[in-house]
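Here is the structure we will look at, set down as structure tokens.
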Amino acid sequence: MLYKLSWRSFLKQFRSYGIYLISITMAVMIYYSFNAMTHDQPLTKRAAQDIKIENILTVGSFFVIVMMVFFVLSANRFFITKRQQEVALYQLFGMKRRRIIFQSLVEIFALNLLAFLLGIGFGVIFSKLFSMILVKAMALDVTSSLFFSWQSVYVTAAVFIFVFIISAVQNVMVLSKKQVDGVFSAKSSFDLQKLKIKPYEISLGIFSLLLIISAYLVAFFIRPLTFRFVSISESFSILFWLPGGILLACIIGTYLFYRYGLKTIFYFLDKKKSRYYGLNYYERSRGLVAILKNWRSLALVTLLTALAIALIGGAISLVSIQSQVSQNETPTDFQIHTNELAKLKKIIKDNDGKITTSQNLHYKVTAGRFSLKLFSSEAINRFNLINILKLSDYQKFQEKHDDLPKIDSLKNNSGVLFSYDYVLYNSVGEVGRKVTLPNGMAMTVQHFYSDLLGDSLLRYNAGVLVLPDAQFEAIQGVTYTIAMVNVKTKDEEKLANAVEKELNSDWGNDIYYDFSYQAGYLKGDITTKALKNTIPQTFTGNYSRLNHTSRFPIVRRATREAGIFMYVATFLGMIASITTAAIVMLRQLSEVENGKKDFLLLQKLGVSRKQMKRNLYYQNAWIFAPPVLLVSGHAGFAIYTWSQFVTTGSYWLAYLFCGIVAVIYFIAYILTVKFFLHSWES
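Heads up, the sequence shown is in the numbering used here, so the first residue is 1 and it goes up one at a time.
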């Protein structure tokens, strides 16, 4: 008879489990879709030209599992709390603890089984949509078809059996206590005690706010603080302990804020004369009780969501930087040594292509010496290979590439330097503008730019110094020429594959150099032949360069890497946001029965429905608003900190996630209030 009663009770309250069922179903659907795509042979083989998507999708699946375990453990507590009176009643009927535990496990298993079946069904349907999104994001030329994988079903089943076992262990631990009803009764009697505030709690509440604000201020000024510390101490340890200190301050501050900070805010709000107007005091008291009951969960939810947005936003930003670099490396379709240009023209013609533009860039590689102040007030001197480019060649090339800076003319003994290294040095220190060249020549750099002149591997992997033509001829060095070719063709991939097959990528054109710096002069030799019978000087070595490169495979790889990372990042960000919002929602819904008693009492006292509805919105706002504010603050300043050191990234998508979290929490907030009203009035 008791089994029938519990089964009927389960069916009657099944609607209350909708959030859990929907969330687990969505998790199964997404996990199955991720796993199924790793077995989709046409998709993985097509992407394998540039990247193994299986590894990235597997990492994404792992994070889905972690988030779902966290959600299930929180949801289980909600289910036990929601049925506390029913469980206590079974005890009065004489039901043994093992039967209560068994009944609970059967119910959880039934919910998980239903969620698994629904998730697999939706996963089979939506996996086509997910694969279409991935194909679009990675710009893959492959047809996305409806795909079913038994292997993915088995893996998904194994994962969610593991999740069920974890939830079962939690149920056994909670329900195995000597008095099950004692598990629940203690909390309700302690609520009023929690409302009282002590002086030390006010101090900790104020300290939590100061700790969070201080972390934000340090994050805002982290760049000048870092440089100042290193310049004084000449130690780079701050790069480790300062970000770690900001993270620790946010973690401690968040926990203290939910435990004492909000309580302190309520304390000062209650000092206003309007504290007793209408239901003001009642509303704040109920809101504070709800916060103090769940302060640990709220703090953990806030930190996990903020961390997910910060890490995902940082990853997406790095991808955008990589994409920009790939564009800078490939200003033309092909870059090739001039001695192989004839072969390239033949391949283009054989594959129905046509050369639209072609220009030879004449370089001369030599040695250079410059001063560098890196975090320190004392300058150090560095030696580098430098590729010298004629100003006339640059101007002709710039006319066809609007993204390059315009250089109308250069004074004698002055030039413009294109180099990622020099721009990086300037971002963390100070690079001297004077560059010493062999045989007593010295040039002043008018401006520094990132390397926008093609693949550095074809140039001896060094920066490019644009100089006047006359001074180019006077410089000691090894001369070489690179042809920059643009092509019009119907099938870029076919042409790129043909070039790669018939013009094997190879390293060659070795140079050898041996230089020393004496009495303000850079002296030595640089040649294409190995130096013999020489004593190694200050700057000695050899270097080689690549023979050709094409834009299509480089841009394709960057596009596909960006696509898969953005795909996984977007789904993980959405899962993290939805899961944490659902946890907060479940925590609130566990108070439906307690709130119903207050609702009936307020009705008897003559409080209008409008006032009670306002009261409900006000109470829940105190639960949902703080996580949104703290998540936006934590994640926003984390992204800003990242942007201080990687200044070339585009961070709009990372900041957009903060807005997405706010929207998701707002929807959860409205649904929670609607559920309360519906439950109370039904």
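All C-beta atoms, glycine included, are put in the ideal place defined by N, C-alpha and C.
Open item on the list: For a minimum of 4 consecutive residues, which ranges assigned as the alpha helix (DSSP H) are wholly contained in the segment 315-398?
Closed with: 341-350
Task: Proximity to A483 [Cα-Cα], best of A496, S550, G659, V289 - done: S550
Task: Other residues of its chain near G508: CB distance less than 8 Å, five sequence neighbours each side excluded - done: S544, R545, N547
- [ ] Measure the alpha-carbon distance for T254 versus S208 and round it to whole angstroms.
- [x] 7 Å
- [ ] Enumerate in chain order the residues of its own chain whose CB-to-CB distance from L410 is below 8 Å, with the five nearest sequence positions on each side excluded.
- [x] L391, V416, Q446, V466, L467, P468
- [ ] Compare the C-alpha of C250 against each of A668, V663, S632, F666 and name the closest.
- [x] S632
Task: Beta-carbon contacts of V218 that lie in its chain and below 6 Å, excluding the five residues immediately before and after - done: I246
TODO: Using DSSP bridges, identify the partner residues of T436.
DONE: R369, A442
Open item on the list: So for N413, helix, strand or coil by DSSP?
Closed with: coil
Task: Reduced DSSP secondary structure (H/G/I, E/B, other) of R545 - done: strand
Task: Whole-Å CB distance - R369 paired with Y517, under 8 Å assumed - done: In this structure R369 is in contact with Y517, their Cβ atoms being roughly 6 Å apart against a cut-off of 8 Å.
- [ ] Take every Cβ of the segment 554-570, pair it with every Cβ of the segment 123-136, and state whether three or more of those distances are shorter than 8 Å.
- [x] Taking 8 Å as the limit for Cβ pairs, the verdict is that the segment 123-136 does touch the segment 554-570.
Task: Pick from S323, I578, I670 that is closest to R557, judged by C-alpha positions - done: It is S323.
Open item on the list: I'd like the list of long-range same chain contacts for S326, defined as Cβ closer than 8 Å, with 5 residues on each side in sequence excluded.
Closed with: Short of 8 Å from the beta carbon of S326, and not among the five residues preceding or following it, lie these beta carbons of its own chain, in chain order: I554, V555, R557, A558.
Open item on the list: Do G463 and Y420 count as a contact pair if the criterion is CB distance below 9 Å?
Closed with: yes
Open item on the list: For A654, tell me which candidate among P243, K610, F164, L311 has the shortest Cα-Cα distance.
Closed with: L311
Task: Supposed close pair Y512, F220 - CB separation, criterion 8 Å - done: Actually they are not in contact, since the Cβ atoms of Y512 and F220 sit about 50 Å apart, beyond 8 Å.
Open item on the list: Could you compute how far the alpha carbon of L389 sits from the alpha carbon of S450?
Closed with: Looking at the two C-alpha atoms, the distance is approximately 15 Å.
TODO: Put L465 into one of helix, strand or coil per three-state DSSP.
DONE: strand
Task: Spatial neighbours of N328 in its chain, beta-carbon cut-off 8 Å, leaving aside the 5 residues before and after - done: In chain order, S450, D451, L452 place their CB closer than 8 Å to the CB of N328, counting only its own chain and leaving out the 5 sequence neighbours on each side.
- [ ] Within the same chain, show all residues whose beta-carbon is closer than 7 Å to that of I664, passing over the 5 residues directly before and after it, in chain order.
- [x] S577, I578, A581
Task: Where G60 falls: helix, strand or coil (DSSP) - done: helix
Task: Assigned secondary structure, Q619 (DSSP; H/G/I helix, E/B strand, else coil) - done: helix
Task: L286 burial status per 10 Å Cβ neighbour count (16 or more: buried) - done: Rather than Leu, the amino acid found at residue 286 in this sequence is Arg. It is buried - the Cβ of R286 has at least 16 other Cβ atoms within 10 Å.
TODO: With DSSP as the reference, label G659 as helix, strand or coil.
DONE: helix
Open item on the list: At the level of alpha carbons, what is the spacing between F676 and A36?
Closed with: 39 Å
Task: Where N486 falls: helix, strand or coil (DSSP) - done: Strand.
- [ ] Give a yes or no on whether 9 Å exceeds the smallest Cβ distance from Q327 to chain C.
- [x] As a matter of chain content, chain C is missing from the structure shown, which is built from one protein chain.
Open item on the list: Out of N486, F34, I161, S104, which one is the CA nearest neighbour of P331?
Closed with: N486
- [ ] Write down the C-beta distance between I583 and F71 rounded to the nearest angstrom, noting that I regard them as a contact closer than 8 Å.
- [x] So it is a contact: roughly 6 Å between Cβ atoms.
Task: Residue span of the alpha helix (DSSP H) that contains I583, given as start and end - done: 551-589
Task: Spatial neighbours of I407 in its chain, beta-carbon cut-off 8 Å, leaving aside the 5 residues before and after - done: Closer than 8 Å at the Cβ level, and outside the excluded window around I407, lie L391, Y394, Q395, Q398, V416, V466.
- [ ] Could you spell out the range, first to last residue, of the alpha helix (DSSP H) harbouring I511?
- [x] No alpha helix (DSSP H) holds I511; the beta strand (DSSP E) holding it covers 507-518.
- [ ] Count the other C-beta atoms from every protein chain shown that fall within 10 angstroms of the C-beta of F162, then say buried if there are 16 or more, exposed otherwise.
- [x] F162 should be labelled exposed.
- [ ] Go ahead and label A668 buried or exposed: buried means 16 or more other beta carbons lie within 10 angstroms of its beta carbon, across all protein chains shown.
- [x] buried
Open item on the list: What would DSSP say about T481, mapped onto helix, strand or coil?
Closed with: strand
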